[in-house]
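Undergrad: So the number in my numbering is just where the residue sits in the sequence shown, counting from 1, plus 17.
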Amino acid sequence: MAICSISAGLPRCIRAGLVLLVIVLMLGCAANRPTQDELPATWFPAHADTRSDTLLVLLPGARDRGDGFEREGVVDLVREHRPDWDVVVVDAHMGYYRERSFVDRLENDIILPARAQGYRKLWLSGPSLGGFGSLLYLCAGDSAHITGVIALAPHLGGRPILADIEQAGGPLRWESGAAGRDFERALWTCLREGVDTEIWLGWGRFDRMDRGNRLLAELLPDERVLVIDGGHRWPTWRELWIDLFERIPH
18 MAICSISAGL
28 PRCIRAGLVL
38 LVIVLMLGCA
48 ANRPTQDELP
58 ATWFPAHADT
68 RSDTLLVLLP
78 GARDRGDGFE
88 REGVVDLVRE
98 HRPDWDVVVV
108 DAHMGYYRER
118 SFVDRLENDI
128 ILPARAQGYR
138 KLWLSGPSLG
148 GFGSLLYLCA
158 GDSAHITGVI
168 ALAPHLGGRP
178 ILADIEQAGG
188 PLRWESGAAG
198 RDFERALWTC
208 LREGVDTEIW
218 LGWGRFDRMD
228 RGNRLLAELL
238 PDERVLVIDG
248 GHRWPTWREL
258 WIDLFERIPH
């Protein structure tokens, strides 16, 4: 049984604050994109004639489209380092977070159909917003069916909530109070209490998400945390994926 509560109040609390995430992450972004009735997804099977037992679900960053994973060589990277994994690239852009449908759409359009197809192991991964979305699903979705998360430089809240956690002496000593937004407090409460799903975390030491990522790292085993030179950029994320794929047991 998962330690992290997914009661009716927690997902509502998280989702209610997602609209505020737009203010943090959409500054300087392109115009808003409309959502669709079903999440757009492109599937990349490891083998043309057979289905793998493992599926990697890739979620894009705030400024990226789903096709960025193919353009930036991430799909090829997975084929090289996890040749037995199928991949689905999901164009879960900011619009789904803004209308607070991301968790439900990911579950109904991707996770449940994948399980119906027979996938036994499901991994979520993405950089920035995609890393945040992966962690959000663990706390607000049905995490029992998720084998692991590979979060790269996830957004984990603004300055007030991070400062509050630091002043408390770290996430293990922190208690939710007035600092930060509702969804930030709910997410950190969930992560502090723990989830059964494996979380693997990586970021560049010059990344603007460094502050929150270092706090999350305090909750994870050392072998599941990787910090390398680099910033909030594709070259850093590609290197992190390669190194983490080498660390994650087959």
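Where a beta carbon is used, it is the ideal one built from N, C-alpha and C, also for glycine.
Can you tell me which of the three DSSP states glutamate 215 falls into?
TA: Reduced to three states, the DSSP call for glutamate 215 is strand.
Undergrad: Quick one: what's leucine 169 bridged to in DSSP?
TA: Answer is Pro144, Gly219, bridged to leucine 169.
Undergrad: Count the other CB atoms within 10 Å of the CB of threonine 206; is the residue buried (16 or more) or exposed (fewer)?
TA: Per the 10 Å Cβ criterion, buried.
Undergrad: Since proline 7 contacts aspartate 108 with CB under 8 Å, what's their CB separation in whole angstroms?
TA: With the chain covering 18 to 267 only, the question about residue 7 has no answer from this structure.
Undergrad: Out of Pro130, Arg250, Ser193, Met111, which one is the CA nearest neighbour of arginine 50?
TA: Met111
Undergrad: Relative to the alpha-carbon of aspartate 227, which residue among Ile216, Gly248, Glu210 has its alpha-carbon at the smallest distance?
TA: Gly248
Undergrad: Should the region 65 to 74 be regarded as contacting the region 237 to 255, the criterion being three or more beta carbon pairs within less than 8 Å?
TA: no
Undergrad: When DSSP labels each residue in this structure, what does tryptophan 102 get in the three-state scheme?
TA: strand
Undergrad: May I ask you to report which of helix, strand or coil DSSP gives tryptophan 60?
TA: Shown here, tryptophan 60 sits in a strand according to DSSP, grouped into three states.
Undergrad: List in chain order: all unbroken beta strand (DSSP E) runs of 3+ residues lying wholly within the region 234 to 264.
TA: 242 to 245
Undergrad: Restricting to Cα atoms, I'd like to know which of Glu215, Leu189, Pro144, His172 is closest to phenylalanine 200.
TA: His172
Undergrad: Do you know how far the Cα of aspartate 103 is from the Cα of glutamate 97?
TA: 12 Å
Undergrad: Hey, leucine 169 and glycine 148 are a contact pair by Cβ (cut 8 Å); roughly how many whole angstroms apart?
TA: 5 Å
Undergrad: Heavy atom of the ligand ADP less than 7 Å from the Cβ of glutamate 263, yes or no?
TA: No copy of the ligand ADP occurs in the structure displayed, which carries no ligand at all.
Undergrad: Just to confirm, is the Cβ distance from leucine 141 to valine 120 under 8 Å?
TA: no
Undergrad: With a Cβ-Cβ cutoff of 8 Å, do serine 312 and valine 212 count as a contact?
TA: This structure gives no information on residue 312, because the portion of the chain shown stretches from 18 to 267.
Undergrad: Going by alpha carbons, who is nearest to aspartate 54 out of Tyr113, Val91, Asp81?
TA: Tyr113
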